[in-house]
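Undergrad: The sequence shown lines up with residues 1 to 717 when you count with the UniProt record's numbering.
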Amino acid sequence: MGVKDLWNILSPLCDRRPMFELQGKTIAIDLSCWVVDSQTVADHSVQPKMYLRNLYFRTAFLLMQGISPVFVLEGKAPTLKHNTIAKRNNIRSGFRERKTARKGGRSQFNRILNECKEMLLYMGLACVQGHGEAEAMCAYLNEDGLVDGCISQDSDCFLYGAKVVYRNFCASAQGNRGGTGGAVDEYSLEKIERILNLGRNKMIALALLCGCDYDEGLNGVGKEAAMKLFKIATDEDILDRIRSWKTDSTLNLKEEELLNPNLCTSCGHSGKVQKHTKSGCVDCGTVIKCNDSFREKRALILNEIALRKKALLVEDFPSQELIDEFLVRKDPVPTKVDIQWRQPQINKFIDFMERHLSWEPQYAFEKIFPVVTRWQLEHLPNISTDTRLTISDLFIPKAIKKVRNIRSVASYEIIWETDHATVEKLREYIALDNENNDNDADILSELTSIESQDAVSKCYPELIEAFENAKNAKKRKTKKKAANDAGAEVAGKRKTEKRRQKKNEKVPLNNKKIDEFISKNHPISLEESFERMSITPKRSKMLTGPREDQSGKNKMKQGPQFDKVLRLQNIDSKLNNTLDRMFHELSPDDFISDCDDHDLNMSLIIDSICGKKCFQLNVEEDIKTSEDKENLCQNIESLVTVDQIESNECQINSSVCDETTDEFANISESYIPLNQRLLNCNEMKGLQKSSAKASNRFSFGVDALMNDTDSKISFVA
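1. Alpha carbon to alpha carbon, what distance is there between residue 162 and residue 395?
2. For residue 99, which residues of its own chain have a beta-carbon under 6 angstroms away from its beta-carbon, when the five flanking residues on both sides are left out?
3. Spell out the partners DSSP gives residue 127 in its beta bridges.
4. If you count every other CB in all the chains shown that lies within 10 Å of the CB of residue 397, and 16 or more means buried, which is it?
5. Please say whether residue 148 and residue 33 have beta carbons closer to each other than 9 angstroms?
6. Excluding sequence positions up to five away, which residues of its chain have a Cβ less than 6 angstroms from the Cβ of residue 123?
7. On the criterion of 16 or more Cβ atoms from any shown chain inside 10 Å, does residue 544 qualify as buried, or is it exposed?
8. In terms of alpha-carbon separation, which member of 298, 8 and 492 lies closest to residue 257?
9. Grab me the residues of residue 211's own chain with a C-beta within less than 6 angstroms of its C-beta, minus the 5 sequence neighbours each way, in chain order.
10. Counting only the same chain and skipping the five closest in sequence on each side, list residues whose C-beta sits under 6 angstroms from that of residue 15.
11. To the nearest angstrom, how far is it from the Cα of residue 495 to the Cα of residue 486?
12. Is there contact between the stretch 61 to 80 and the stretch 128 to 142, where contact requires at least three CB pairs shorter than 8 angstroms?
13. May I have the straight-line CA-CA distance separating residue 60 from residue 371, to the nearest angstrom?
14. Just to confirm before moving on: does the CB-CB distance between residue 49 and residue 379 stay below 9 angstroms?
15. How about residue 141 and residue 328: are their beta carbons less than 9 angstroms apart?
16. Could you tell me the alpha carbon to alpha carbon distance between residue 240 and residue 311, rounded to whole angstroms?
17. Do you know offhand how far residue 651's Cα is from residue 570's?
18. Using three-state DSSP, classify residue 36 as helix, strand or coil.
19. Can you tell me whether residue 261 is buried or exposed, with buried defined as 16 or more other CB within 10 angstroms of its CB?
20. Measuring only from the beta carbon, is residue 338 closer than 8 angstroms to any heavy atom that is part of the ligand FMN?
21. List in chain order: all unbroken alpha helix (DSSP H) runs of 4+ residues lying wholly within the stretch 336 to 367.
22. Out of curiosity, what's the CA-to-CA distance linking residue 283 and residue 303?
23. To the nearest angstrom, how far is it from the Cα of residue 360 to the Cα of residue 58?
24. So, is residue 201 buried or exposed, given that buried needs 16 or more other C-beta atoms within 10 angstroms?
25. At what residues does the beta strand (DSSP E) containing residue 138 begin and finish?
26. Give the single residue among 198, 137, 301 and 433 whose Cα lies nearest to the Cα of residue 10.
27. Let me make sure I understand the geometry here. Which of 450, 498, 474 and 338 has the alpha-carbon closest to that of residue 129?
28. Please classify residue 410: does DSSP put it in a helix, a strand, or coil?
29. Cα separation between residue 272 and residue 227?
30. Return the Cβ separation of residue 425 and residue 415 in integer angstroms, given the expectation that the two are a contact with Cβ distance under 8 angstroms.
31. Measure the C-alpha to C-alpha separation of residue 244 and residue 306 and round it to an integer number of angstroms.
32. Exposed or buried, residue 594, counting other C-beta atoms within 10 Å across all chains shown (16 or more means buried)?
33. Helix, strand or coil for residue 329? Go by DSSP, reduced to three states.
34. Can you tell me which of the three DSSP states residue 369 falls into?
35. Taking 9 angstroms as the threshold (C-beta atoms), are residue 167 and residue 341 in contact?
Okay, structure coming up:
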């Protein structure tokens, strides 16, 4: 709708505005656009008059936002639009034969507009009747400064003289703009002229070239060709330039000149572009290549020549009637528009909505009630007290229920009195209608509305004063009650303590709590008992490094014997002490061997072994002379290493002793310990001072032999 491709050209300059930014402004609304939107998206079988429903909710939204709407109705369609209207009617009716003999008539559409006008009248809003197109009247009101902007989907508003146009109106609380409470696209003519250099006359020229609702434009001409034409013409001269295409022959001469093959397409001088690329251009003063500033200019001139050729094919191009439609005001525009919001007529509105939309009376009252209260808050401060008494159907506020915050707007939730004539009628209707349930009556039990605090303070300041006083009294009462409760609690505690002191209640020692007993006397595990043990070794090792902090890190080292005991203890605990019970239950009969008839007496075996002579060795017989003794000592000294021999230990090479046929034959019954026999030698004194570390080949375990001297078994090394 409007000029073809104009919205696509202007879309980069669109500003998405939240609806609250329009608060306090007066906006002219093209009502026909809203009606068409509702007819295209609505399912007529469900709600055939969706345009009335959408119109109410959108209008109520604007009023609640503090925006003053001025609805403009369509007038008589211009003759230029008859063909377009006929095509649209054929599309809507499915090319069925229409009974109306009047071609391009708006009888059906005018009936819809009259219904909308009646509903708006009951809401207290007056409509402006346009003589022609509704967007034309909206643009005139905006151009004359009577309104701040226009809400329309038609881009024709700019061609009629509008300064600010709002498009894509949305009042929904959902979507990406739900938090802002609705949004709208704003287009400003001042911004368009500044950035795109596209004024009102150029937009009219765009309508002539590309087409609009009144004309189809030139065949094969798009927005790119039109925008190229606008680069070589100003907004004031563009229409005259288009008119001169039929009479001006200068473009023909330019075309012949530009198509000359001996003319460079890059710089516009004589010569071919290939030659200029190699050797340069004399006129441009270059040696290599040439100045290419003429290339763009040449393309723009050729574009205008192409547009002129297409325009000459149309007999009446450019249409002066179309230009006058946008530039000339055919009908006078009122110097003052009645935009005052009057008091809504509740009863008539309820009857109208019940008749056209089948709304229940109580539902219609619920929807119109916030609009009525908002009108009172906005207009009663400007009305004197005496005049207020003459106004009927006023609702009286009862009290402020609580403070509310609606989209960052400080508000009050007000309770209104229910003793109203309309409310009484609705109660009678509900009582007569047996099909309604009890929930309908609950709607009328308490009437509430949410109003801004500024409006309430201007209209009902005494209501706010009473609310604040009640609020402060409640706070004082709450503080006093809290203090009394605290005092009562303290007094109760004191009474309890005195009562206990009088009775001298003593808790018996044996009457301890289980938790307290366990916390004080908790059993420790075997691992903890081992950790608490302090085991000091016989030989303490010197600490080479600094001592570590004993707090939290003093963990005692455990040897492998403790780990073994702990593992056995864990296994025994898992087996429920089975090993201990088995050990205590064992008897001698459990150890009887298989040879029960041949029991062996171990004491006799030991005595027989000890009584043998093979374990005695007479050293004196082997070492007969002093020379042998000296040789023996020398041989022993040669075998001793640098280690110290402790407790007279000596390791002697086995080659010193003479080999006999029976190594135990010469052992006598009288046994003399080996250390005593070795000490008889004076040369053995040197052995005690030498090192005790001998080679592993000559170590026969002398320590073990020394410890076993009490037994009657002798061993000669």
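Glycine is no exception: its CB is placed at the ideal position from the N, C-alpha and C atoms.
TA: So, from the listed chains and residues:
1. 40 angstroms
2. Residue placement at residue 99 is flagged as unreliable, the pLDDT there being 45, under the threshold of 50; a coordinate-derived value is accordingly withheld.
3. 71
4. buried
5. no
6. 344
7. In this predicted model, residue 544 has a pLDDT of only 45, less than 50, meaning its place in the structure is not dependable; the value taken from the coordinates is given anyway. Classification of residue 544: exposed, given that the 10 Å Cβ count is below 16.
8. 298
9. 4 and 217
10. 186
11. 14 angstroms
12. yes
13. 7 angstroms
14. no
15. no
16. 14 angstroms
17. The predicted model places residue 651 with a pLDDT of 44, which falls under 50 and marks its position as unreliable; any figure quoted below should be read in that light. Going by the C-alpha atoms only, they are around 46 angstroms apart.
18. helix
19. exposed
20. What this structure holds is no ligand at all, so the ligand FMN is not there to describe.
21. 346 to 356
22. 26 angstroms
23. 20 angstroms
24. buried
25. Not the beta strand (DSSP E): residue 138 falls in the alpha helix (DSSP H), residues 134 to 143.
26. 198
27. 338
28. strand
29. 30 angstroms
30. That pair is no contact at about 21 angstroms.
31. 15 angstroms
32. Any reading at residue 594 is ruled out, since the residue's pLDDT is 49, under 50, leaving its predicted position unreliable.
33. coil
34. helix
35. no
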